[in-house]
Amino acid sequence: MLERDGLPKIDPLMGGRFWPAVHQWFLDRHGLGAELPSGASLPARSRVRIIPFAPDGTPTSMARKRKPFVISGETVVLDAPGQKIVIRPNGAVQQYWRASEAACRRGYVPRNVQLRYDLTTDCGRLELEQRCRIFNSEMLAWLGNPESEKKPVYDGTVAALIRCYQTDKNSPYRGLRQSTGRVYDDWCRTLERAIGKRRVDRLSGQDIRDCFLSLMEPAAPGGAPRVRLAKSCVRSMLSILLNYGAELGCPAALSSPRCSSG
C-alpha cells in the first residue's frame, strides 16, 4: 500500500528495495528530510580502528623526499611531518604523507596517503601542513598504544570491512557454526575479488547491481547462470557486512546502499 504513496518498489532482479531511496522516503514522510552527517564518528569504545580512507580502488605509491622544492619558480619549504613531494618530468606535482619506517615495520596503516592541495598558495600549503600533522599525530598515538595494534583496521574499503567482520572478537561472525563460517568465508572471498578495493561510501545502487550481474555470469561459456551465488554474495553476505559496519558506526557503512527484503 505504501508504494502508492511513493515508497520505492522492489527491484525484480535483486529482490529488494534500494535502501537509500527507502530511507529518504521515510525521512520525507515524517518531515525529517535530511541526510546522515558525513562526519559520523565511532563510539569511544569502538571495536575497530578507523583510519583515513584509502582511494577508491586505486593504489598509492611511495614518493621520494624532496624538501625544499620549487613550485612555479618559487622555493617552498613546508613544516609538514611525513610529507613527500614528487615532481614529475611533465611538471605535475604529487603530494603524499608517509608513515615512519618504525610504524610501517609494526604494521601501521595507511603507509601512504595521497594529498591534493594547491601549493602555489599560502592557504594550500597551510592546509597540507595541518593535514600531515593530523596524520602524524594519529600515527604517534597508535605507536604509543599497544592495544591499538590488536584492533582490526578499517580503511573504508570493502576488503577492510570483511577483515574487520572476520577478526573482530565481538563480531557476529564469531557465533557462527563452523560449517556456516566456511560458507561465509567463501562468499567473502568472492566479494573481495569482485569489489574488495572499492570504497564502501562510493558504492552506488548501480555498482551493486553490476556486481550482482557479474557474479551471475556462467563459470564456463555455455554454462548456467550462477544466480544462487550472486544472491548469496550480494543479497545475503554484502547486507550482513554493511549491517555489521553500521552497528559499529563506521561512517562509510552508515551511508552505503543496501537492499532490504520485502
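Quick note, the sequence shown lines up with residues 7 to 268 if you use the working numbering. The beta-carbon is built from N, C-alpha and C at its ideal position, and this holds for glycine as well. Predicted, not measured: the structure shown is a model, and the values here were computed from it.
Asked	Found
Where Pro224 and Thr163 are concerned, what is the direct C-alpha to C-alpha distance, given to the nearest angstrom?	27 Å
Quick one, are the C-beta atoms of Arg23 and Ile16 less than 7 Å apart?	yes
Thinking C-alpha only, which one of Arg188, Pro26, Ala86 is nearest Ser210?	Pro26
At what residue ranges does the region 155–228 contain a whole run of the alpha helix (DSSP H), taking only runs of 4 or more?	164–173, 184–201, 211–222
Expressed to the nearest angstrom, what Euclidean distance is found between the alpha-carbon atoms of Ala69 and Val28?	With a pLDDT of 37 at Ala69, under the threshold of 50, the modelled position of this residue cannot be trusted; read the value that follows with caution. Going by the C-alpha atoms only, they are around 44 Å apart.
What residues match up with Tyr102 in a beta bridge as DSSP calls it?	Lys90, Gln120
With DSSP run on the structure shown, which of helix, strand or coil describes Gly251?	helix
For Ser220, which residues from the same chain have a beta carbon less than 7 Å from its beta carbon, with the 5 sequence-adjacent residues on both sides left out?	Ala200
Using the three-state DSSP reduction, which class does Val240 fall into: helix, strand or coil?	helix
Let's see if you can read the secondary structure: which residues bound the alpha helix (DSSP H) around Glu144?	128–149
Do Gln101 and Ile91 come within 7 Å of each other at the CB atom, strictly closer than that value?	yes
What does the alpha-carbon distance come out to for the pair Val82 and Gly88?	16 Å
Helix, strand or coil for Val83? Go by DSSP, reduced to three states.	coil
How long is the line joining the alpha carbons of Ala86 and Val189, rounded to whole angstroms?	47 Å
According to DSSP, is Val233 helix, strand or coil?	helix
What distance in whole Å lies between the Cβ atoms of Glu198 and Ile246, which are believed to be in contact at a cut-off of 8 Å?	With 8 Å as the limit, Ile246 and Glu198 do not qualify as a contact, their Cβ atoms being about 14 Å apart.
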